[in-house]
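Colleague: Going by this note's numbering, the sequence shown opens with residue 5, and the numbers climb by one from there. Got a structure here, written out as C-alpha cells. Questions coming.
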Amino acid sequence: MESTYVMLMVSVPLEHADAVRRAMGDAGAGILGDYSHCSFSYSGTGRFVPGESAHPAYGKPGELASVAEERIEMLCSRAKLASIIAAMKRVHPYEKPAFHYFPVEIE
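Given below as C-alpha cells:
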C-alpha cells in the first residue's frame, strides 16, 4: 500500500526561506493534527557551477558559486504534493530548485 504522506525537502537561500516555507504551508504542507505550517530546518552551504546559458540568481555562469542555504522539511499529503511543489517553485529564487520527497507513515 502506498503511503498517503511524503516528507518534502527543499534547499533555499537563507533570505528566501521564510517566503518558501510560508508558500508551502499556505498550499497545505506541514499539517500535523491541529497544527499547520509545521516544518524543520537546518543550515548548510549550496555549491554549484551555473552553465553558460544559465541565468543564476547567485553567481556567474562558468564560475563556482557558494550560497548559505536553509533546508526546509515539511510533511505533505500526497494528494496535495503537486500543488505544494508548484507553490514552492513560484517563490523560490532558483531556476531549478533542488528538492526531493519520500514516503512516510504517521500515526
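Where is the CB? At the ideal position from N, CA and C, for every residue including glycine.
(1) Please confirm whether residue 70 and residue 50 have their CB atoms less than 9 Å apart.
(2) Out of curiosity, what's the CA-to-CA distance linking residue 83 and residue 103?
(3) Between the Cα of residue 43 and those of 99, 73, 87 and 77, spot the shortest distance and give me the residue it belongs to.
(4) Measuring only the C-alpha atoms, how far is residue 35 from residue 101?
(5) Within 10 angstroms of the Cβ of residue 39, are there 16 or more other Cβ atoms? Answer buried if so, exposed if not.
(6) Would you grab the beta carbon distance between residue 29 and residue 20 for me? Rounded to a whole angstrom, and I think it's under 8 Å.
(7) Taking residue 15 as the reference, which of 98, 27 and 66 has the closest Cα?
(8) Just how far apart, CA to CA, sit residue 63 and residue 111?
(9) Report all residues from its chain with a CB closer than 6 Å to the CB of residue 53; omit the five preceding and five following residues, and keep chain order.
(10) Please report the distance separating the alpha-carbon of residue 93 from that of residue 7.
(11) Does the beta-carbon distance from residue 32 to residue 88 come in below 9 Å?
Modeller: With the given structure in hand:
(1) Residue mapping note: residue 70 aligns to position 66 of the sequence shown, counting from 1. Residue mapping note: residue 50 aligns to position 46 of the sequence shown, counting from 1. Yes, these two residues count as a Cβ contact at 9 Å.
(2) Counted from its first residue, the sequence shown places residue 83 at position 79. Counted from its first residue, the sequence shown places residue 103 at position 99. Taking the straight line from one Cα to the other gives about 18 Å.
(3) In the sequence shown, the residue the question calls residue 43 occupies position 39. With distances taken between Cα atoms, residue 43 lies closest to 77.
(4) Taking the sequence shown and counting its residues from 1, the one referred to as residue 35 is at position 31. Taking the sequence shown and counting its residues from 1, the one referred to as residue 101 is at position 97. Answer to the nearest angstrom: the Cα atoms are 23 Å apart.
(5) Working through the sequence shown from its first residue, we reach residue 39 at position 35. Flag for residue 39 reads exposed.
(6) On the sequence shown, residue 29 is found 25 positions in, with the first residue counted as 1. On the sequence shown, residue 20 is found 16 positions in, with the first residue counted as 1. The pair is not a contact, with the Cβ atoms about 15 Å apart (cut-off 8 Å).
(7) As a first step, residue 15 must be located in the sequence shown, where it is residue number 11. The candidate whose alpha carbon is nearest that of residue 15 is 98.
(8) Counting from 1 along the sequence shown, the entry for residue 63 is found at position 59. Counting from 1 along the sequence shown, the entry for residue 111 is found at position 107. Those two C-alpha atoms are separated by around 43 Å.
(9) Position 49 of the sequence shown, counted from the start, is the residue given in the question as residue 53. 68, listed in sequence order.
(10) Mapped onto the sequence shown, residue 93 falls at position 89. Mapped onto the sequence shown, residue 7 falls at position 3. Distance between residue 93 and residue 7, taken at the CA atoms: about 24 Å.
(11) Working through the sequence shown from its first residue, we reach residue 32 at position 28. Working through the sequence shown from its first residue, we reach residue 88 at position 84. Yes, the Cβ-Cβ distance between residue 32 and residue 88 is below 9 Å.
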